[in-house]
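Undergrad: In the numbering used here, the protein residues as written are 368 to 475. Note that the Cβ used here is the ideal one computed from N, Cα and C, for glycine as well. I'd like to ask some things about the structure below.
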């Protein structure tokens, strides 16, 4: 009886494997599209995924503000962010960080 069960299991596994191999569709390599030569501008901004070109001095000030925030110096960090906004009033990263810091200061 054990021999029958063992041979039945082997036959079942063999049939199952054979059927899965037959049902698989062959993989077709897709060609890689050629680049147009026009690439999206890359920014070192903390707001990844945006196309806004942050100014170097704004990025430096925002980095300094993040360090101050990490040390718990929220008021000082906010003043540094305001300096960044004086340099570039349209900076989305600076505007977002200012809102973030203002919310933290309200809770303190």
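Throw me the rounded Cβ distance for the residue 468 and residue 436 pair, which I believe falls under 8 Å.
TA: Taking the chain shown and counting its residues from 1, the one referred to as residue 468 is at position 101. Taking the chain shown and counting its residues from 1, the one referred to as residue 436 is at position 69. Indeed, because the Cβ distance is near 7 Å, the residues count as touching under 8 Å.
Undergrad: Can you give me the C-alpha to C-alpha distance between residue 465 and residue 419, rounded to a whole angstrom?
TA: In the chain shown, the residue the question calls residue 465 occupies position 98. In the chain shown, the residue the question calls residue 419 occupies position 52. Approximately 17 Å, taken between the alpha carbons.
Undergrad: In the DSSP assignment, the alpha helix (DSSP H) including residue 472 goes from what residue to what residue?
TA: Walking along the chain shown from the start, residue 472 turns up at place 105. Residue 472 -> alpha helix (DSSP H) spans 459-474.
Undergrad: Let me know the secondary structure DSSP gives residue 444 once reduced to three states.
TA: Position 77 of the chain shown holds residue 444. Helix, per DSSP.
Undergrad: Taking buried to mean at least 16 other C-beta atoms within 10 Å of its own C-beta, is residue 446 buried or exposed?
TA: Numbered from 1 along the chain shown, position 79 holds the residue referred to as residue 446. Burial call: exposed.
Undergrad: According to DSSP, is residue 437 helix, strand or coil?
TA: For the purposes of this step, residue 437 is taken as the residue at position 70 of the chain shown. In this structure, residue 437 counts as helix in the three-state DSSP scheme.
Undergrad: Nearest CA to the CA of residue 472: which residue from 461, 440 and 426?
TA: As a position in the chain shown, residue 472 is number 105, starting the count at 1. It is 440 whose Cα lies nearest to the Cα of residue 472.
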